[in-house]
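Numbering (this note's numbering), first residue to last: 1075 to 1937. Cβ coordinates follow ideal geometry from the N, Cα and C atoms, glycine included.
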Amino acid sequence: MSESAPILPPDTTRALITRYKTRLKTGGEALREAYEARPLTDPILKGRSHLVDAVLVDLWQDFQLPAGASLVAVGGYGREELFPCSDVDLLFLLESEADADLEERLAQMIGLIWDIGLDIGHSVRTIAECLDEAGRDVTVMTNLLEARFIHGNRRLYDGFEADLRGLLNPGQFFKAKRLEQEQRYTRHNETPYSLEPNCKESPGGLRDLQLIGWISRAAGFGTHWRDLARHSLITDEEATELRELERFLQHVRIRLHHLTGRREDRLLFDHQEKLARKFGYDSTETRRASEVFMQEYYRTAKKVTQLNTILLQNFGVEFFPNRYPAAININERFQCVRELLDVRDEGVFDRHPSALLECFLLLEQRSELKGMTARTLRALWRGRKLINAEFRQNPTNRALFLRLLQQRRGVVHELRRMNQYGILSFYLPAWRRIVGQMQHDLFHVYTVDQHILQVLRNVRRFMVAEHAHEYPLLTRICTGFEKPWLIYIAALFHDIAKGRGGDHSKLGMKDARDFCESHGLEPADTDLVEWLVQHHLSMSNVAQKQDLSDLEVIQRFAALVQDERHLNALYILTHADIRGTSPKVWNGWKGKLLEDLYFATQRLLRGATPQQALGTPIRQEDARNLLRYYGLRPGTEDALWDQLDTVYFLRHDAEDIAWHARMLYYRVETGEPIVKARLSHVGEGLQVMVYMKDQKDLFMRLCGFFSRLGFSIADAKIHTTRHGYALDSFVLLDPGQEVHYRDLINLLEHDLTERLATHAPVDRPAGGRLSREVKHFPITPEVSIRPDERGQHHIMSVTAADRPGLLFGVAETLVHYGINLHTAKIATLGERVEDTFLISGPGLSQDAQVLKIESDLLEKLAV
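Take a look at the structure:
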């Protein structure tokens, strides 16, 4: 870059910045006021484009750029859709390589554009460079496809436009953009129904409509929805609907930008209520304004994805008309056209209403079918209202629906398609209530209907051999389950009563039983499905909140499940349900808790003794085998194990028992603290062991240290040996999931050992901010202290919003009151913690003292 004197003197530059910044601000405020007075999308989007045009033209003249250059708008700016805070995409088009003087002028002009407050994306290229990049990168081609001349050399621009058109291959462009959409859908979990969707990028957002526009431009079909109707790619009614859908999404994005003052396209909880008010929605007795607004958004996104699918299919026919053989008849109602299922005529569903279900069954049964033709989808959407009470009571239709659930492939795909086109809502009236229904908690990230389909997808994944490496135990259980489709039915109904008020598990039981009985299931199968819906939360509650080393806990759970068939089915559904809430909720430790509960209950159901059911002898034997594997002689472990009681062996698995013995067998009595860390053997996080002379504030000190390092404690096992040593085990996770755990092992071992050995002051965790989710869905903290059934200990339950240092606050309170902690059960559900502690100590038998402890804890937990 040249270091010559500025093209414009500093005083002139400062004056220009002030002038243009004021001009943009004044013009933007005027556009906003006009929009708020009369909310129309075209005037504000085109108005901002023209405002920026005028400023850039004047700047071009201020910098006296040469006649052999053109200023070109590209991307959204090129099509005159400039949202209030969108960036401005510019192309500086040159006849030839820029000389030093032109480089300097362009650099200073671009810098000044930033200074006046325009967030720009820019490129400086010749025509040859544009064509070269466009030929290699479909994103660049897309951007240039929407180019619009602003100022400069018109002849140069016209030549560029003609050359770009000559380079473009509409068929290849179509394939590339369709693949790009598939990748984008994958990034957004294939659903528009996340609770905080992106109104631009999520499925059903503006990008789906823009993609249609790009393909239409590339093919020369025009730039408006009416142009597509004239080419018979959509109907006139669909063209009108597309424009209405586009306007709604544009209003959402415009108001989001106004509300946040930045380029924000995510419908975050922070903004939903305010947006709802802007759209004129009010709260009702049962629903927030944001819920009403978001259901309208989901309905819009659903229609966008439907019409996007129809148009992409029709484009494919246009671009590749001779690619497929002639139609192949399947039966008197359907045929195969271009690998798609097609109605043989558009009156099929009117004459044969059962075909509304049959078409999905055919897609499951015939792997050569990749979807439905556009006219079939249209006919399906129109015909959905034929599904009435008479249709639902028809034995043929009931049998068809069951067969849909019993197929070897395609079950999830077709249920999703049935939901997309309204078939599921009409066939299961209870389903209609949960479509697009938000879940106001801190761990579900999908609407109720999409969560259920995610759970179904997880169950289905356990059944497929290709995914056996992910969860081998679940796959083995699933493949041995004689009627896996019963679990599909339970999945469909497990949350179907959400939002009705009352216990959704109990309300859903009746819906599930009615369905099973009306569809002719055997009594035992009906009972199983109903039981699964009723108890779909029971296994996770026991695994995450109760002490699995307590035989009575296992016996109560075994009495609930009664037999292995119920146990297997509930284990499958529970695992799938937790994984279907949010990627943040699931971790390997939750999986291990469920697995431990599963095996302990299975052993008890098979007639094992209590000790065998809890696996104590098995764990000890497995631990000994591991120690022999590591080269330790028989009996080496005895010195340590003699100091440990049965409870220790109940609460630790064989891997942990062997690890502790290897680390401590020669230092059973030591004056120095021993701290060891390793990568978790369940594949996630760090395991940390601390062994030293017990002290009353040890748990608090450890919580403070781990919190200072930024870890969350996923599990804590607190144990005191017979000779007064603390043997404490922790599982640590990084909430941000950005840490390379292996790199921290030596640092953690060294620093913690040093702090414990020198009796350094307690690390107090830094105050952390609450997550924005908690701000919008506050949790009233709850604390309960009650004696256990034996009367030897007390169980303390804590429910609160998660935040840094929360566990430290609990530990500090226990130390203050001289309470001994025996074990801690940490359960984090998104931003909500439900922790359980086994405690003992003075005063716990006195109601007044317990009340004081609970009050102090509530004060610490309040946010």
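- Using a 10 angstroms sphere on the CB of P1117, the tally of other CB atoms stays under 16, which defines it as exposed.
- Look at R1574 here: in three-state DSSP terms it is coil, with no helix or strand label.
- Burial is judged here by how many other beta carbons sit within 10 angstroms of a residue's own beta carbon; T1683 has fewer than 16 and is exposed.
- Excluding residues up to 5 positions away in sequence, A1143 and T1200 lie with their Cβ nearer than 6 Å to the Cβ of L1168 in the same chain.
- Its Cα nearest to that of L1415, the residue A1453 stands out among E1392, P1277, A1453 and T1549.
- Here L1082 carries a coil assignment [DSSP, helix/strand/coil].
- G1457 places its beta carbon less than 8 Å from that of L1430.
- Contact annotation, S1786 with V1519: C-beta distance approximately 19 Å; criterion of less than 8 Å not satisfied.
- Of the other Cβ atoms in all chains shown, 16 or more fall within 10 Å of the Cβ of H1225; this residue is therefore buried.
- Going by beta carbons, L1435 and L1476 fall outside the 8 Å limit.
- According to DSSP, residue pairing for H1196 in a beta bridge involves L1164.
- E1908 has T1873 as its beta-bridge partners, per DSSP.
- DSSP, reduced to helix, strand and coil, places Q1761 within a strand of the structure shown.
- Straight-line spacing of the CA atoms in T1897 and L1807 works out to 18 Å.
- Residue range F1408 to V1411 is occupied by the beta strand (DSSP E) that includes F1408.
- Per DSSP, the unbroken alpha helix (DSSP H) holding S1364 starts and ends at A1363 to F1393.
- Looking at the DSSP output, P1266 bridges to nothing.
- Three or more beta-carbon pairs separated by less than 8 Å link the stretch 1668 to 1685 to the stretch 1638 to 1658, which places the two stretches in contact.
- Across the structure, L1606 and Q1480 are spaced so that their CA atoms are roughly 18 Å apart.
- In the displayed model, M1446 falls within a strand according to three-state DSSP.
- For the set A1147, Y1672, H1325 and R1877, the Cα lying nearest the Cα of L1935 is the one of R1877.
- In the DSSP assignment, K1750 forms a beta bridge with M1763.
- Contact check for C1590 against I1570 fails: the beta carbons are separated by 8 Å or more.
- It is roughly 24 Å from the alpha-carbon of F1389 to the alpha-carbon of E1155.
- Here F1247 is buried. Its C-beta has 16 or more other C-beta atoms within 10 Å.
- The way I'd put it, the stretch 1166 to 1180 does touch the stretch 1130 to 1143; three or more beta-carbon pairs between them come closer than 8 Å.
- Taking a C-beta distance under 8 Å as the contact criterion, E1207 and G1149 do not qualify as a contact pair.
- With contact defined as three or more Cβ pairs closer than 8 Å, the stretch 1339 to 1352 and the stretch 1302 to 1314 are not in contact.
- DSSP, read as helix, strand or coil, puts R1425 in helix.
- The shortest C-alpha to C-alpha distance from A1633 to any of D1651, I1646 and M1613 is the one to M1613.
- Secondary structure of P1861 (DSSP, three-state): strand.
- For P1083, the closest of V1146, A1141 and L1186 by C-alpha to C-alpha distance is L1186.
- Taking each of I1081, T1358, M1537 and R1106 in turn and checking the Cα distance to D1175, the smallest one comes out for I1081.
- Between L1753 and the set G1662, A1400, F1631 and G1798, the nearest pair of CA atoms involves G1662.
- Spatial neighbours of S1197 in its own chain (CB-CB distance under 6 Å, excluding positions within 5 residues in sequence) are listed in chain order as L1165.
- Here R1906 is buried. Its C-beta has 16 or more other C-beta atoms within 10 Å.
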